[in-house]
Amino acid sequence: MTKEQISTYTMRITQANVSAMAVVLYDLVLDCMKEAEEHYDKKDVSAYEQSLNQAQSFLQELMGISKMDSQTGCDVMSIYLFVNKQLLMSVVKQQPVNLEECRTYLQQLRSSFVEISKQDTDAPLMEHTQQVYAGLTYGKGYLNESCDPMQAQNRGLQA
C-alpha cells in the first residue's frame, strides 16, 4: 500500500463506528487481494504471499466482529470461511485460487454494510481523536484536509 492509502485508511478508521469499520475492513481485504494479483502478474512471489497474508489478517478481523446470533450471521461467517480457505490455498499453491469469485462475494457483502453504515448513528469507536476538516483549502487536482490544532491538547490517554 502507498503512504497515501495508509493515511486515508488511518483517517477513516479514526472516524468510524462499528458498521463503518466493517466497510473499511472490506476495502482493506479487497485492496490487498487486488495488490496480490498485481504482484502475481509481475511474478513477485514473496510480495504476492505477503499481500494475501495481509488480506487474510483483515478478513480475520471481520470474522472477529461478526455476530453469530442469527442465521444471517452464520451465512456471512460461512462466506468468510470460504474466502479464508481460498486465500490460504492461493498462498500454498502460489497462484490465485477462486480469488475473482471471492472478490465478488466480498463486494456484495460490502455493499450491504455500506447501506447499514448509512443508517448507523453510533459514535466513533475511537475517542479523543482529532477532528478532520476537508475542503477548507484546495488546489488544482487535490483537496487539503486539516486538523484543529486546539483539539490536540485533548488527545491521548486521560489520567
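Read in order, the letters of the sequence shown correspond to residues 27 to 185 in our numbering. Ideal Cβ positions, reconstructed from N, Cα and C, are used throughout, including at glycine. Note that the structure is a prediction, hence the values are computed from the model and not measured.
- The Cβ neighbour count for S77, taken over all protein chains shown within 10 Å, is at least 16; the residue is labelled buried.
- With contacts defined by Cβ atoms closer than 8 Å, P122 and E64 do not form a contacting pair.
- When DSSP states are grouped into helix, strand and coil, T28 belongs to the coil group.
- Counted as a single uninterrupted DSSP element, the stretch harbouring K69 is not any alpha helix (DSSP H), since DSSP gives it neither H nor E.
- Sixteen is the threshold: when 16 or more other Cβ atoms of the shown chains lie within 10 Å of the Cβ of E61, as they do, the residue is buried.
- DSSP assignment within the segment 95-155 yields the following whole alpha helix (DSSP H) runs of 4 residues or more, N-terminal first: 97-119 and 125-145.
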